[in-house]
Amino acid sequence: MALLKLAMTMAVLTETLGYTAQNCPSMIPENERQDCHLEHGASEAACAARGCIWCESSYQGPPWCFFDDSCGDSSTCPSCIPESQREDCHPDPGMTESSCAARGCVYCSSTTPNVPWCFHRYACSRVDGVIPEAQRVDCHPEPDANKASCEARGCYWCPASSEEAPWCFYNRNNGAVVDPDNSAGGTGGDGGCLPEADRIDCHPGEGASQSQCEALGCVWCESSVPRTPFCYLPPDRGYQVVGSPVTLPNGFLFTLQRVGGEAIFGGEVDPLAFLVEFQSDYRIHFKFYDPNNNRFEVPLHIGTPGQPLDSPLYSFDWTNDQTFNFRINRRDTGSVLFDTSIGGLVFEDQFLQIATRLPSAKVYGFGEHEHKSYQHEMDYHTWGMYSRDQPPVYKGNLYGVHPFYMCVEEDNNAHGVLVLNSAAQDVTLTPAPALIYRTIGGVLDLYMFLGPTPENVVQQYTEAIGRPFMPPYWSLGFQLSRYGYNSLATLRRTIDQIRDYDIPHDVQFGDIDYMDEQMDFTYDPVTFAGYPDYVRQLRNEGLHFVSILDPCITTERSNYRPYDLGQQMGIWINESDGRTPALGKVWPPGASVFPDYTSPRCHDYWITLCREFFDVIPYDGLWLDMNEPANFGSGSLNGCNQNRLNQPPFLPKIFGDLADNTLCPDFKTSIGNMYDTHSLFGWAQSPPTFRAVQEASGKRAFVVSRSTFPGSGKYTSHWLGDNWSQWSNLKNSIVGMMEFSLFGIPYTGADICGFIGDSNYELCLRWMQLGAFYPFSRNHNGLGYREQDPGAWDAEFARISREVLLVRYTLNPYLYLLFHLAHTEGATVVRPPLHEFTDDPMTHAIDRQFLWGPALLFSPVLDQGMTSVDAYIPHGRWYDYYTGSELSPSKQMTYVTFSAPHDYIPIHVRGGYVIPTQEPARTTTISRTLPMGLIVALGEGTGVARGALFWDDGDSIDTYENGNYFLAECVADYHGLQSVVQHDGYRGIDSLKFGTIRVFGLASASSSVVVNGIPHGNFIFDSLTKELKITNIDVGVKDLQSINWE
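Numbering (mature numbering (1 follows the signal peptide of the UniProt record, and there is no 0)), first residue to last: -18 to -1, 1 to 1028.
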């Protein structure tokens, strides 16, 4: 649940918000507003100057300055721009209403000849010819451009459909354009300016002037290239080595002193220490820190692998000419992976910066954000990172912080870098290509992982931060939730409806509806009377139950044990005096206090309450919401002090200020100020919750957390937040899954059909098809919106949902194997195609398709009205999952159009793999008792295919670590399959038998099948699809040794 819920309860709104929504002259719904002032510094006057509407919103997220599309009769045309003033937004051929909307423009037909039907949403000043947005050259790069000031310069003013394009730009026909590739760089100065791509901003933020710039000892040079800094650090600004570095057993320690210019924000650290550690052949650690004063460092233990260096994949070198610079190189190729010669190193008390050139522009990662593509655009965009209760919006800093990126080099090797810092921070990606990282606290603590494959990078990263937890098998089933089950009767009706349609359903969630006055560890005795007994009933019927908890405890109810016990144990986050509990306003009545999960005492407190709550409501997992931590006000009920922690001299590119929607930065936790620990709140809450579930239930823990940080995946899963019921969110969810795979949190998914807004039939149906293959497959919905669970539409919707979920349940044994490999080796589960086909550059930007492991490719429909999918097919043998037919070799390494009617999602099996399966049922409790199967997809050449089956009881703790599991490996070719038991530590495997085995890719019909040396007559060969299906095998899973077909 997001802060959006606040908008649903007007009594809460009145009590908690610092403003009230004005009477808005626009009828545009808040979630449909199109931002008219994307940059910082929007005001009512600046908005009006752009001809847009200024209107506050009732919850965080929608822009206050937005385009006016509401004039006129929306039934005929959603714009009041006269036809004579329409500026064509789609002059190229092939314009449709959907392609027009995709450009952010207005579609409106006309009977007048030569009037464009697709046009910009705001009337633009006239220019000779149409200048594509991508070719606009900024004529007003300084802040506060408006139409009048733009036209006063003789330039062209037109709001852009792209969020990156300038609105005020040169008329290319008037001779005023400056060549962006001018080696002299820019339009100002004496021609000796640095090229734009090499500039490091000396005045990050708004309002730079030449006098301010030069007072800092920096260079001022204007430029016509969009978003290029005018004020930049000179090449001789930085640090120099003092003396010689100290040689360590596996590295060096440098002492540096600052040279050149004034401090940007004050409090410069001088001298500065620089530590380099060669931790393994594939990991190098480097850290800048203050040798004379302790500064906050993230308490995430990253141990060394413990192996002596044998053949390092990297080399390290440094220079000390004008300034100290260093490089990390890939030893076998010579590629430079990290190169600080671009300059920009700054280490001040509240402003730390490091910049590096990159070996390529193929950069992935950094989060948590809603990215529209998996591969970043290197266009000077800055991404802020600071955990925030924020529904997903483009460019916004969201619930968690993940300062980790991967770069695929020009030769297709890959490396990753973690910046271990928890203060507010941002990163700018530039066309050089380069990145500039800034933070306002802590130290510059970096780890590089040399790969060289993308999978290696993730494996090495999770080795450092912690391997992902092993989920219980039941959590691979379909899950249902909503904020808005207003009574136990409504919950019963919903579940009964799912059962009536025989739709698979394994897990039911309880949102804050069930609570008494939205207080943790309670349930409403009136509207949810009988709730504990109903939860027990569901569990007895084979379902599992997950309860929500928010990290906010009301102070205003007598005899409320969570508050009384917390007071007794002294476990709250305190104000700056270190003694007074911080007060905020969240869901419960009155003021709330916030547990300090960094304190060991708080762990005991939380585990005690969770165990006691289990005795009331026997949950199977816990859902941690609002743990950024969220606060409906700003800072606290008592406000925030005026000081440099609460109002730092530099603010990274984040929504609001540091206290907005959360607690004051100078408040105290057991390990430091919230200034440094804010984004660690959810990370610190996860281990005691994980332990609490295990201790309470005696079973494997299942914890879902909204706020995450590097290392969270060891204890929690994650959902992608309070998304919108929109097609764009459907598509972006794939990017989110890919990124959290990269971040070491493989159990991830989005709210199926969307959380905010009313979903519609087609969107929800396509989302059920995609969401059936999220690792975390949950349909969740917000308060006040139409019901959207798969039983809420009609019989046809229910049928399609049931059938696609049965495919998921059939494949769950393979998914479970992938999670085992993630838990033990750090492998990804949802996998971008580039992880498997890195040598194929076509895969590097694919984010509309995804893999499960190496062997299953999903190509969902992501666009409205489409009944086909254009899917890329990488090199290799590929088979249709449903029919077993092989794709023609001519379709490899190209895009192929597949039919995808409303009841179909294309799935392809990669040759060379053996995939374990199981007959599906309505719950995993039932399906785990049914016969197993195999899909044998023969590979290239000799047809060899390999696979494995991992099996245990599905919910005991540490089965792998304790040896309580079964593992068999399979190898197949054109003649048959052999299975070899590698570990036989699970007695329950004795009751499982093989039922059906499907073999794809045989060249000709088989005349005989022999199982364990005994002829077997139950098989059929499809001469059209070339699939051999062997049925009624009836041999124990651990007893199968061989199957031969001839």
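We treat Cβ as the ideally placed atom computed from N, Cα and C, and that holds for glycine.
Quick caveat, the model's predicted, so the values are computed rather than measured.
Rounded C-alpha distance that separates residue i from residue j
i	j	result
Phe725	Lys696	11 Å
residue 1087	Ser989	Absent from the structure is residue 1087, since the part of the chain shown begins at -18 and ends at 1028.
Phe236	Leu254	8 Å
Pro856	Pro883	23 Å
Glu65	Asp852	36 Å
Ala573	Cys121	50 Å
Gln304	Pro216	11 Å
Asp1021	Ser961	9 Å
Ala666	Phe982	48 Å
Ala985	Ser783	35 Å
Arg370	Ala471	34 Å
Asp292	Gly398	21 Å
Asn1000	Ile1012	6 Å
Leu473	Val598	18 Å
Cys175	Cys203	6 Å
Tyr791	Met914	12 Å
Leu330	Phe247	Correcting the residue identity first, residue 330 is Glu in this sequence and not Leu. Cα to Cα, the separation comes out at about 7 Å.
Gly170	Cys213	Reliability of the predicted coordinates at Gly170 is poor, the pLDDT of 34 falling under 50, and no value is obtained from them.
Thr590	Asp704	30 Å
Gly220	Phe48	42 Å
Ser165	Pro177	Caution applies to Ser165, whose pLDDT of 30 falls short of 50 and renders its modelled position unreliable; the value that the coordinates give is listed next. So the two alpha carbons sit approximately 6 Å from each other.
Gln222	Asn307	9 Å
Asn541	Gln549	12 Å
Residues sharing a beta bridge with residue i, DSSP
i	result
Arg420	Gln335 and Asp408
Gln194	According to DSSP, Gln194 bridges with nothing at all.
Ala255	Thr237 and Tyr271
Gln960	Val953 and Ser1024
Asn556	Pro563 and Lys650
Ala927	Ala954
Arg320	According to the sequence displayed, residue 320 carries Phe and not Arg. Partner(s): Ile310.
Asn761	Leu462 and Ile734
Gly693	Bridge partners of Gly693: none, in fact.
Arg892	Trp860
Val993	Ile996 and Ile1025
Lys1011	Arg980 and Ile1002
Asn655	Lys650
Glu818	Paired residues: none, contrary to the question.
Reference residue i; option with closest CA among the options
i	options	result
Trp46	Cys59, Pro11 and Tyr956	Pro11
Phe491	Val517, Val440, Gln500 and Leu787	Val517
Gln372	Glu610, Met452 and Gln667	Glu610
Leu417	Trp300, Ser323 and Thr1007	Ser323
Val993	Gln1023, Leu591, Asp361 and Ser694	Gln1023
Thr825	Pro211, Asp252, Leu257 and Ser355	Ser355
Val390	Leu426, His363, Asp607 and Pro436	Pro436
residue 1087	Leu1010, Ser872 and Asn1014	Since the displayed the chain opens at -18 and closes at 1028, residue 1087 lies outside it and no answer follows.
Ile485	Leu198, Tyr505, Gly693 and Asp776	Asp776
residue 1038	Ser759, Ala678 and Thr865	Outside the shown range of the chain, which is -18 to 1028, sits residue 1038, and nothing can be said about it.
Give a yes or no on contact between the segment 619 to 626 and the segment 535 to 550, applying the rule of three or more CB pairs nearer than 8 Å. Cβ pair count under 8 Å is below three, so no.
Scan the segment 193 to 231 and note each continuous beta strand (DSSP E) run of 3 residues or more that stays entirely inside, going in chain order. Secondary structure remark: continuous beta strand (DSSP E) runs of at least 3 residues inside the segment 193 to 231, in chain order: 220 to 223 and 228 to 230.
Three CB pairs or more closer than 8 Å across the segment 264 to 275 and the segment 428 to 443: Cβ pair count under 8 Å is three or more, so yes.
Please give me, in chain order, every unbroken run of the beta strand (DSSP E) with length at least 3 that falls completely inside the segment 504 to 553. If we require 3 residues or more, the beta strand (DSSP E) runs fully inside the segment 504 to 553 come out as 526 to 531.
Any contact of the segment 701 to 713 with the segment 735 to 752, i.e. 3+ C-beta pairs under 8 Å? Three or more Cβ pairs drawn from the segment 701 to 713 and the segment 735 to 752 lie within less than 8 Å of each other, which places the two stretches in contact.
Pair every Cβ in the segment 834 to 848 with every Cβ in the segment 791 to 803, then say whether three or more of these pairs are closer than 8 Å. With a cut-off of 8 Å, the segment 791 to 803 and the segment 834 to 848 count as touching, because enough Cβ pairs lie within range.
Is there contact here, the segment 518 to 530 with the segment 559 to 579, by at least three beta-carbon pairs under 8 Å? Counting Cβ pairs under 8 Å, fewer than three are found: no touch.
Is it true that the segment 344 to 359 meets the segment 376 to 389, where meeting means three or more beta-carbon pairs spaced less than 8 Å apart? Touching, yes.
Every unbroken beta strand (DSSP E) within the segment 342 to 399, with a cutoff of 3 residues, ordered by chain: As far as the segment 342 to 399 is concerned, its whole beta strand (DSSP E) runs of at least 3 residues are 344 to 349, 364 to 367 and 384 to 390.
Under 8 Å: do the segment 656 to 665 and the segment 394 to 413 share three or more Cβ pairs, one atom per stretch? Contact between the segment 656 to 665 and the segment 394 to 413 is present, with at least three C-beta pairs closer than 8 Å.
Quick check: the segment 296 to 310 against the segment 453 to 467, are there 3 or more CB pairs under 8 Å? With a cut-off of 8 Å, the segment 453 to 467 and the segment 296 to 310 do not count as touching, because too few Cβ pairs lie within range.
Just checking, does the segment 627 to 645 make contact with the segment 611 to 619 on the three C-beta pairs under 8 Å criterion? Contact holds: three or more Cβ-Cβ distances are below 8 Å.
For the 8 Å Cβ check, are there 3 or more pairs between the segment 488 to 505 and the segment 563 to 572? Enough Cβ pairs lie closer than 8 Å, so yes.
Touching by the beta-carbon criterion (3+ pairs, under 8 Å), the segment 504 to 522 and the segment 448 to 456: No: fewer than three Cβ pairs fall under 8 Å.
To test your reading of the DSSP string, which unbroken alpha helix (DSSP H) runs of 4 or more residues are found completely within the segment 609 to 684? 656 to 659 and 663 to 679, all fully within the segment 609 to 684.
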